[in-house]
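Structure, as structure tokens:
Numbering (my numbering), first residue to last: 5 to 135.
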């Protein structure tokens with residue numbers, strides 16, 4: 005298992021966490037979010053008009069091989085491909101490209117790497133809790 009905060013199956017990973025940092029990208033109108041989900045840290049960028057999160061917001065992050073249920077105009081959903089699976093000394097990383105935008109999942113628990121293969125088509129969903 006990745007963590008107690010995660011719900012997983014061979015095609016689905018759901019993480020609950022808190023936004024720890026919101027920073028501007030060098031690319032105009034793009035924001036970089038960092039989310040602490042316990043054993044897993046998530047960093048991703050998004051167009052500022054499509055997703056507005058603040059430091060301290062609670063979110064649910066979903067990475068799925070099938071299109072997740074979502075609320076149009078509320079949830080942020082995009083699809084792309086797993087382009088990197090890296091295992092280092094202390095951390096494993098899954099890198100997802102959403103057609104130019106990037107999602108990085110990091111965990112000391114390398115079980116995270118077993119959930120995905122290179123070039124898996126995946127959906128990424130970010131939902132703010134309490135909306």
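Idealized CB from N, CA, C, for every residue including glycine.
Because the structure is a prediction, the values reported are computed rather than measured.
Compare the beta carbon distance of residue i and residue j with 9 angstroms and say whether it is the shorter of the two.
i, j, result
"residue 54", "residue 23", "no"
"residue 39", "residue 47", "yes"
My understanding is that residue i touches residue j, with C-beta atoms under 8 angstroms, so please give their C-beta distance in whole angstroms.
i, j, result
"residue 18", "residue 64", "6 angstroms"
Nearest-angstrom Cα distance between residue i and residue j?
i, j, result
"residue 76", "residue 134", "16 angstroms"
"residue 80", "residue 69", "16 angstroms"
"residue 92", "residue 78", "36 angstroms"
"residue 112", "residue 32", "32 angstroms"
"residue 99", "residue 86", "6 angstroms"
"residue 103", "residue 116", "22 angstroms"
"residue 28", "residue 36", "6 angstroms"
Going by C-alpha to C-alpha distance, which of the options sits closest to residue i?
i, options, result
"residue 15", "131, 60 and 118", "118"
"residue 106", "50, 45, 41 and 30", "50"
DSSP state of residue i, grouped into three classes?
i, result
"residue 127", "strand"
"residue 71", "coil"
"residue 62", "strand"
"residue 30", "coil"
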